[in-house]
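See below for the structure under consideration.
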Amino acid sequence: MFEGVIVKAYGGFYYVRSPAGDLECTLRGRFRLGRQDILVGDRVGCQTTDSARGVIEKVHPRATVLTRPPIANINQAVVVFSFVNPRPIARLLDRILVQVSFAGITPLVCFNKFDLREREDAPWPEIYLKAGYRVIVTSAVTGEGVDLLRQSLQDHNSVLAGPSGTGKSSLLNAVQPDLGLKTDAISRKLKRGKHTTRHVELLPLTGGGMVADTPGFSSLTLPDMKREDLGYYFPEFEQYFNRCKFTGCLHRREPVCGVRQAVEHHVIARERYTSYLTFLEEVMQRERRY
Ligand code: GDP
Ligand code: ZN
Numbered sequence: 583m584f585e586g587v588i589v590k591a592y593g594g595f596y597y598v599r600s601p602a603g604d605l606e607c608t609l610r611g612r613f614r615l616g617r618q619d620i621l622v623g624d625r626v627g628c629q630t631t632d633s634a635r636g637v638i639e640k641v642h643p644r645a646t647v648l649t650r651p652p653i654a655n656i657n658q659a660v661v662v663f664s665f666v667n668p669r670p671i672a673r674l675l676d677r678i679l680v681q682v683s684f685a686g687i688t689p690l691v692c693f694n695k696f697d698l699r700e701r702e703d704a705p706w707p708e709i710y711l712k713a714g715y716r717v718i719v720t721s722a723v724t725g726e727g728v729d730l731l732r733q734s735l736q737d738h739n740s741v742l743a744g745p746s747g748t749g750k751s752s753l754l755n756a757v758q759p760d761l762g763l764k765t766d767a768i769s770r771k772l773k774r775g776k777h778t779t780r781h782v783e784l785l786p787l788t789g790g791g792m793v794a795d796t797p798g799f800s801s802l803t804l805p806d807m808k809r810e811d812l813g814y815y816f817p818e819f820e821q822y823f824n825r826c827k828f829t830g831c832l833h834r835r836e837p838v839c840g841v842r843q844a845v846e847h848h849v850i851a852r853e854r855y856t857s858y859l860t861f862l863e864e865v866m867q868r869e870r871r872y
C-alpha cells in the first residue's frame, strides 16, 4: 500500500504521483459502483500490481473541492489581473476573491504586465494590500516578481484565476519553462482555444508543490450564502463590525454603521464597498427567489 495524489485522469485511468514515482491506476470496483466521483487532486491509497501500475483502494477526505475545473485539495488561488490590456475590473476581481475565500482557498492577488503599466486608473496593488490580501506585482516579459511568484507557488497546490489575456500561462511558463503551457500567442498560431477539450492536470513544480494547468473561478455567479455572511468575505470590513449599532447590520442604510463610517473616512476603499453593495443585491435577489 502507498499514498499518492491523482495528477491526471484519462480514459478510465488515474495517474497517481507518489514518492516512489508515478503509477497508472484503476479503481477498485466499489468506487465505481458507489458512484463516488474521484477527482484530480484527490489523495489516495493504492495497492501496486506491478512496478508501473496499481489499484486505488482508498480516497482520503478532501480539504477543498472545485467544480470548474473539477479538482480537489487546491489550497491557493493566484488571482491574476493585468495593469493594462486588459485593465482590472474591480467588480470581477472582488467577485473572484469572494468565490475563492468561500471555497476555503487562500487567495494571492497578482497584478501582471508591470512593464506596460502607465498612469493607473487606480493604485491596484495598494488597494488590495490595504484590504488585507497578499499581493504581488509581476511581468512575464521582464521577469519582475517572477521569483516571488515561484516562491509563493512552492509547496502549495495552486490554481490560477482571472480573465483571459492577463498572462496566466505566460507567468507559469516564466516560473518554470518546462511546463509548456500554451499562451495566447501560441494558440493563435495553432488557431484553437487554449483550454478546449483538455483534461485538467496537476503539474509538478521543481521547487515542490503543484499547479493546475487549467484556470479556475470563471463562473460569474456568487456562491450561495446568507446576506449577513457576505461582509465576512471582505476581510477589511470585519474590524469595524463592532461599531455597527445593529447586529446583523448589512452596512447599507442602517443609521450607525462602522463599515459605512470607514468608507466615509477613506479607510475602506470605495470601490470595494461598491462591490460589496453590488454583491449584496445579488445575494438578496437570490434569497427572494427561493
Ligand atoms: P492568459 O490567457 O491569462 O493565460 O494570458 P497569456 O499568458 O496567454 O497572455 C496573453 C497575452 O499577454 C500574450 O500575448 C502574452 O505574450 C502577453 N503577456 C503576458 N504577460 C505579459 C507581461 O507581463 N507583459 C507584457 N507586455 N505582455 C504579457
Ligand atoms: Zn454596518
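Under the working numbering, the residue at position 39 of the sequence shown is numbered 621, and the numbers go up by one with no gaps.
We put the beta carbon where it would ideally sit given N, CA and C, even for glycine.
Everything numeric in this text was worked out from a predicted model, so none of it was measured.
| Check | Outcome |
| --- | --- |
| C652 and V782 look like a contact to me (Cβ under 8 Å); what is the Cβ gap, rounded to whole Å? | Position check: residue 652 holds Pro in this sequence, whereas Cys was assumed. Confirmed, about 7 Å. |
| Regarding G830 and the ligand ZN, is the C-beta to nearest heavy atom distance less than 7 Å? | no |
| Rounded C-beta distance between V841 and A743? I'm assuming under 8 Å. | About 26 Å; that fails the 8 Å criterion. |
| Identify, in the order they occur along the chain, each residue of the same chain with its Cβ nearer than 6 Å to the Cβ of E585, setting aside the five sequence neighbours on each side. | G627 |
| Give the secondary structure of L679 by DSSP, where H, G and I count as helix, E and B as strand, and everything else as coil. | helix |
| Could you check how far apart the C-beta atoms of L711 and V717 are, in whole angstroms? I think they sit under 8 Å. | 5 Å |
| Would you kindly check if the distance between the Cβ of L862 and the Cβ of R835 is under 8 Å? | no |
| In this structure, does DSSP put Y858 in helix, strand or coil? | helix |
| Can you give the Cα-Cα distance for L677 and L785, rounded to whole angstroms? | According to the sequence provided, residue 677 is Arg. The question's Leu does not apply to it. Approximately 27 Å between the Cα atoms of the pair. |
| Measure the C-alpha to C-alpha separation of N824 and G830 and round it to an integer number of angstroms. | 11 Å |
| For G623, count neighbouring Cβ atoms within 10 angstroms of its own Cβ and tell me buried if that reaches 16, exposed if not. | buried |
| Within 7 Å: the Cβ of H833 and any heavy atom of the ligand ZN? | yes |
| Would you report the Cα separation of D806 and V741, rounded to the nearest angstrom? | 22 Å |
| In three-state DSSP terms, what is S751? | helix |
| Taking the C-alpha atoms as reference points, what is the distance between T608 and P797? | 27 Å |
| Could you say which of D766, E869, R770, E864 lies nearest to N667 if we only look at CA atoms? | D766 |
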